[in-house]
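Numbering (this note's numbering), first residue to last: 1 to 75.
In this text, a Cβ means the ideal position worked out from N, Cα and C, and glycines have one as well.
Computed from a predicted structure; not experimentally measured.
Let me begin by presenting the structure, written as structure tokens, before commenting on it.
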Ligand SMILES: [Zn+2]
């Protein structure tokens, strides 16, 4: 599971929507619309799924590995 994130249109910072969804499921649900309260703006932002992404926490489980940065050039 990951957390659906959006970019705050006012500050440009990533904020959590509070919606948990796994990445595959999120990719399948391309057209949904939601609103998220932004603590930085003290306002509610409206957003579409196409503007959002899923942040998968490294704490989720040990076998994930999907979000690992690709390392070029072995040490
Ligand atoms: Zn905001």
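- Partner residues in the beta bridge of residue 34, as assigned by DSSP, are 47.
- For residue 24, the secondary structure class from DSSP, reduced to helix, strand or coil, is helix.
- Under the DSSP assignment, residue 2 falls in the beta strand (DSSP E) whose first and last residues are 2 to 7.
- In the DSSP assignment, the residues bridged to residue 15 are 6.
- It is roughly 26 Å from the alpha-carbon of residue 23 to the alpha-carbon of residue 40.
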